[in-house]
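Residue numbers (the numbering used here), protein chains in the order written: chain Y, 1 to 330; chain W, 331 to 660; chain E, 661 to 990.
Cβ coordinates follow ideal geometry from the N, Cα and C atoms, glycine included.
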């Protein structure tokens, strides 16, 4: 069942590009969930095992795939960072966006879709509407620069996907790339769970709910977080996926040691990350009232949480190998 | 079952005034719980439906009313902000009180009840005892200005209820008015739950426990928070109850959209609130490990968290209409 | 069943000394768990009642003893503060260590055990390796001053246990003394639970999981935290164990009042603590979604969270009496 992926196909890249453009800031992930669900239903006939699918209003915006007799669950969050319109076109943050002034944003309110420009820095942010829709739109573009957005409208980075020979760059690789890696891994999983989670970027993430459910219903006590991380003095692009020893929370050492030994035995290159702050769906699992272990696996990005998130393809391929090895051997 | 309340009766006002004067800082809510329980038992014969009552030591200081076949739970917190005596008459905060120096406080330790004065500002606070009891007391007032209070004694604002033709002003409208609105709504609820919660102001609120119980035992996945909020650049007194799109947590968009559409269809005026910080019993529900949705509904106050909290009656009446419409139609 | 301990035996002191030297920073407590489990198995034949033991991978690093028909659970955390190696010998904190520069640290990575020295202050910390092992080691000591430690390696204070006629001083009295008090109390418990918990110092503590389990499986709603606290303007060594009215969380007043009245009736000296910040396993229990009460009982330390934590034996003896009285009478 080992995976022999050596490169990323054009079809896979198209899927990733599409995923990166779907609107889904924290709390408003239903379009991403629907996109992934539709993809799964069209693809799963070719998968090694057919999962049971858990979704619908009683799962909020979450989506869960249960394969065979699961021991380990893989978590990929669907939600993205972004902004909420407060009053008078001022913006407040969803999660921790780090965009520069004049970044292009997009959204939709009862007046229809729009493209806007981010104004200001730090926490003094606002938006100016540029046009009523995307440049790819066929309708005649009327001037919308006086358009006021409704309070509560949520905005995300405008899509801008760039694939080079060695790298991929796009807004929202964090964490549509995690979702995409989970979908690629799904092709060969025989026993395990994939959870597409919500609210990871902003707090109150659903990984706590899903991991509690999985423990209660299936006895699943092992978790792997499939997400993105950032280049630091200790982490470099091109040196393999990142295995985190800790962030603001500390996973159980004996479990992380097992993850590391599986990576070593599989001959997959990896880097060890050690951080004092930050968190992930792993933090949500740390805080549940069940004995569930977790370990964060990330692909290192440059320009984290900006519209220019950039990864190396070699790290992506090795991350997929690592996730597949972990789902098989943990 | 729609409510036709157009004004607030004297009897209703008396109930609110009494509620505002009961001692109940976070962690010490049993007197409020007992007051509400006694009121319910004397009134419920006239209600449209008789709820099952959940209370007692196995529910800590909480109180829960379950009507018919519940789909939605209404949460009103009973606890208030206040102060705890540390050592040498110094005070630390319970929740986030915003009172001015020389505000009148009240409390009771093993030496009996007392009235005191708040001294200092920011986090350098202390109390001086003024007298051994309220001015309404019949006993001769001995000088108590040298009386030392026991560490751990909790103090609240002295009661001071003022009802005008258009407004109501009192300490602890937050959230005895929420409790009172819930009691008025209870008269016509046929299916639903009312939760009177604890520890909301200080952290570790019981709404998490109660909402988990309600999901597990009754399958309740819909929540409405019945609380107070504050006037800002986007929120004005007189423009209707507030529906919050977010505070430090972000409720699920599709659920809030349903709340808004019910308010629109019922023709009830409302305002949309968008905040980057703050929280409520909704935050506690966001953090449980169940798929339970929540939306915050508040009455806008001036002088929030002071002894002079002030609301307009028209907003109160519309808040009651909104809660009744939501309990009926969600 | 009342306890008549008047002094601490040499054998008891040896057990405490051994406990204080076991490596067990948050997330890596398995050696402490194994040490305690071995002790229990060798001693429990002499106990008044034989508990059921819950441990193993399905309990992560936790250990739970259930005696008879439990009403109350005693929580002692096994994990300690410490440091994690980040990159290039820099250190980040586990919990809140307060050691001075040049403090001796110990740890082990794939290169074997080592002794190191803490360099720097505040959050700019690093470590220099001094030797490959303890002075008590028989092997010839080679110079290891150039040895680089692996990222993710965790370090703790070097052991340094000092027992005088009136006092005990050692790193990690917090909370190996709590574990030790729980083991002494275990000798006479007939009905109750002892929980040896994990992750208390760093966040995401297991007391939430264990207390949820105990409520669900045994209906246990009463908790006592057995831990260490610090001398302040209101708390002095020698004045008895500390009963906390609050820290950053506020336990239910009526439960704390019962604890105080049991201490009074038993004639055990105690001090009342009131703090605005800080937390314990009690905070974890406050945040579960069960109606479980808690009260923090601590022994007052000087030099808290340093390698020189110091307590008076008279306070320790009275703490043991108080825990025994509470387990019997709550």
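CB contact check: residue i to chain W, cutoff 7 Å
i: residue 947 of chain E; result: yes
i: residue 877 of chain E; result: no
i: residue 194 of chain Y; result: no
i: residue 826 of chain E; result: no
i: residue 60 of chain Y; result: yes
Exposed unless 16 or more other CB atoms sit within 10 angstroms - verdict on residue i
i: residue 277 of chain Y; result: exposed
i: residue 701 of chain E; result: exposed
i: residue 616 of chain W; result: buried
i: residue 664 of chain E; result: Confidence is the limiting factor: at residue 664 of chain E the pLDDT is only 46, short of 50, which leaves the residue's position unreliable, though a coordinate-based value still follows. Burial call: exposed.
i: residue 460 of chain W; result: buried
i: residue 887 of chain E; result: buried
i: residue 835 of chain E; result: buried
i: residue 246 of chain Y; result: buried
i: residue 101 of chain Y; result: exposed
i: residue 454 of chain W; result: exposed
i: residue 867 of chain E; result: buried
i: residue 781 of chain E; result: exposed
i: residue 605 of chain W; result: buried
i: residue 200 of chain Y; result: buried
i: residue 494 of chain W; result: exposed
i: residue 429 of chain W; result: buried
i: residue 658 of chain W; result: buried
i: residue 80 of chain Y; result: buried
CB of residue i within 7 Å of CB of residue j, strictly
i: residue 970 of chain E; j: residue 827 of chain E; result: yes
i: residue 499 of chain W; j: residue 387 of chain W; result: no
i: residue 358 of chain W; j: residue 528 of chain W; result: no
i: residue 295 of chain Y; j: residue 172 of chain Y; result: no
i: residue 389 of chain W; j: residue 525 of chain W; result: no
i: residue 908 of chain E; j: residue 942 of chain E; result: no
i: residue 400 of chain W; j: residue 550 of chain W; result: yes
i: residue 771 of chain E; j: residue 787 of chain E; result: no
i: residue 708 of chain E; j: residue 692 of chain E; result: no
i: residue 818 of chain E; j: residue 778 of chain E; result: no
i: residue 25 of chain Y; j: residue 156 of chain Y; result: yes
C-beta neighbour in chain E for residue i, strict 7 Å
i: residue 416 of chain W; result: yes
i: residue 2 of chain Y; result: Interpretation of residue 2 of chain Y is limited by its pLDDT of 39, a score under 50 that renders its predicted location unreliable; the figure taken from the coordinates is listed afterwards. It does not; no Cβ of chain E falls within 7 Å.
i: residue 542 of chain W; result: yes
Proximal chain E residues relative to residue i, where beta-carbon distance stays under 7 Å
i: residue 410 of chain W; result: Within chain E, no residue comes near residue 410 of chain W; the closest Cβ sits about 12 Å away, beyond 7 Å.
i: residue 358 of chain W; result: 913
i: residue 246 of chain Y; result: 744
i: residue 239 of chain Y; result: Ordered by position in chain E, no residue passes the 7 Å Cβ test against residue 239 of chain Y, which lies about 13 Å from the chain.
CB contact below 7 Å: residue i versus chain Y
i: residue 621 of chain W; result: yes
i: residue 812 of chain E; result: yes
i: residue 564 of chain W; result: yes
i: residue 669 of chain W; result: Here chain W comprises residues numbered 331 to 660, so residue 669 of chain W is not present and cannot be evaluated.
Cross-chain neighbours of residue i in chain E, by beta carbon under 8 Å
i: residue 532 of chain W; result: 909, 910
Residue i: contacting residues in chain W (beta-carbon distance under 9 Å)
i: residue 208 of chain Y; result: 617, 618, 619
Amino acids of chain Y, ordered along the chain, whose beta-carbon sits closer than 7 Å to that of residue i
i: residue 602 of chain W; result: 151, 152
Neighbour list for residue i in chain E, Cβ cutoff strictly below 9 Å
i: residue 424 of chain W; result: 906, 910
i: residue 221 of chain Y; result: 717, 718, 720
Residue i beta carbon near the ligand ATP (any heavy atom closer than 6 Å)
i: residue 433 of chain W; result: With respect to the ligand ATP, the structure shown offers nothing to examine, as it has no ligands at all.
Spell out a yes or no on whether the segment 696-715 of chain E and the segment 752-759 of chain E are touching, meaning 3 or more CB-CB pairs, one atom from each, closer than 8 Å.
no
Can at least three beta-carbon pairs, one atom from the segment 921-941 of chain E and one from the segment 846-853 of chain E, be found at a separation below 8 Å?
no
Validate contact between the segment 202-218 of chain Y and the segment 618-629 of chain W using beta carbons, cut 8 Å, 3 pairs
Three or more Cβ pairs drawn from the segment 202-218 of chain Y and the segment 618-629 of chain W lie within less than 8 Å of each other, which places the two stretches in contact.
Evaluate contact between the segment 236-252 of chain Y and the segment 295-302 of chain Y, counting only Cβ atoms and requiring at least three cross-stretch pairs below 8 Å.
Verdict: yes, contact present.
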